[in-house]
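>
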Amino acid sequence: MTESDHVKEFLSGTRRELISINKLEKLADIPAGTLKFFLNGKRGLPDHHLQNIVRFLLLVGYQPATNDHQFI
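Once you know that position 3 of the sequence shown is 3 in this note's numbering, the rest is easy, because the numbers rise by one and skip nothing.
1. Please state if the CB of V7 and the CB of V60 are separated by a distance shorter than 8 Å.
2. Have a look at E25 and H48 and give me their C-alpha separation to the nearest angstrom.
3. Between the C-alpha atoms of K23 and N52, what's the straight-line distance to the nearest angstrom?
4. Quick one: residues in its chain with C-beta nearer than 8 Å to the C-beta of S4, no 5 flanking neighbours on either side, listed in chain order?
5. Would you kindly report the start and end of the unbroken alpha helix (DSSP H) that includes I21?
6. If you run the structure through DSSP and keep just helix, strand and coil, what is S12?
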């Protein structure tokens, strides 16, 4: 499973209702709609955006799919 697939899985179901996608985009400094389109399967998620998103998801209990320390 790729890191982006892992993020998509993490943000599914109840977590998607609890975590504001718009606020996460703002905090991660990514363009509005980028994460929403990714989660809805309309486009991919560039690595540089993925790294920014993961940094904030770590604050709410996210565990990266890999032991690669690029997200810490």
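Built from N, CA and C at the ideal position, the CB exists for glycine as well.
Fair warning: this is a prediction, and the values are worked out from it, not measured in the lab.
Well, looking at it:
1. Along the sequence shown, read from residue 1 onward, the residue named residue 60 stands at position 60. Along the sequence shown, read from residue 1 onward, the residue named residue 7 stands at position 7. No, the pair does not count as a contact, with Cβ atoms beyond the cut-off.
2. In the sequence shown, the residue the question calls residue 25 occupies position 25. In the sequence shown, the residue the question calls residue 48 occupies position 48. Distance between the alpha carbons of E25 and H48 is about 13 Å.
3. Counted from its first residue, the sequence shown places residue 23 at position 23. Counted from its first residue, the sequence shown places residue 52 at position 52. Rounded to whole angstroms, K23 to N52 spans 13 Å at the Cα level.
4. Taking the sequence shown and counting its residues from 1, the one referred to as residue 4 is at position 4. Within the same chain, S4 has close Cβ partners F38, G44, L45, L50.
5. Taking the first residue of the sequence shown as 1, we reach residue 21 at position 21. Run containing I21: 21-27, per the alpha helix (DSSP H) assignment.
6. Residue mapping note: residue 12 aligns to position 12 of the sequence shown, counting from 1. S12 falls in the coil class under three-state DSSP.
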